[in-house]
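Numbering (the numbering used here), first residue to last: 2 to 122.
Quick look at the structure:
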């Protein structure tokens, strides 16, 4: 049986709640294509890093929209998640999805070039 820290469970719950709030309740067009990829909560629950990605490359625009909505999101989270201290929300762009996509394209190119070399011999 896996032994998860309470901060991990709180982070997972926050991720689900924030993703739903962003999708359903924030009308800012800068935030519409945002995907919440993870949440790291500090051990004392004072701060939470919310990792997000946006595949259309407008991460600075999304960052501004999320930073502007942070107070609203924090107040809505306080209603749905019962914690003594609701963490301050800090949004961080998660470039791992883009990096993974780029590496996948490089691998596909390498495999295609190997295939073309095999066909020529």
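Using N, Cα and C, we set each Cβ at its ideal position, and we do this for glycine too. Values in this document were obtained by computation on a predicted structure and should not be read as measured data.
Close beta carbons around residue i, own chain, < 7 Å, minus the five adjacent residues each side
i           : result
residue 47  : 86, 88, 89
residue 8   : 42, 44
residue 74  : 19, 22, 90
residue 102 : none
residue 65  : 31
Endpoints, the beta strand (DSSP E) within which residue i is located
i          : result
residue 49 : 48-54
Beta carbon of residue i nearer than 7 Å to that of residue j
i          : j          : result
residue 27 : residue 53 : no
residue 94 : residue 60 : yes
Beta-bridge partners of residue i, as assigned by DSSP
i          : result
residue 90 : 49
Proximity test, Cβ basis, 7 Å: residue i and chain D
i           : result
residue 102 : Absent here is chain D; the protein component of the structure consists of one chain.
Span of the alpha helix (DSSP H) around residue i
i          : result
residue 41 : From DSSP, residue 41 is part of no alpha helix (DSSP H) but of the beta strand (DSSP E) over 36-42.
residue 57 : Segment: none, residue 57 is in no alpha helix (DSSP H) and carries neither H nor E.
residue 1  : No statement about residue 1 is possible, as the shown extent of the chain runs from 2 to 122 and does not include it.
residue 32 : Here residue 32 belongs to no alpha helix (DSSP H), and DSSP marks it neither H nor E.
Same chain only: Cβ atoms within 8 Å of residue i, ignoring 5 sequence neighbours per side
i          : result
residue 40 : 12, 13, 15, 16, 19, 49, 50, 51, 52
Sequence-distant residues of the same chain with beta carbon closer than 6 Å to residue i, five excluded per side
i         : result
residue 3 : For residue 3, the predicted structure reports a pLDDT of 45, less than 50, and the residue's modelled location is therefore unreliable. A value from the coordinates is still provided. Around residue 3: no qualifying Cβ.
Three-pair Cβ contact test at 8 Å for the region 57-70 versus the region 24-33: The region 57-70 is in contact with the region 24-33.
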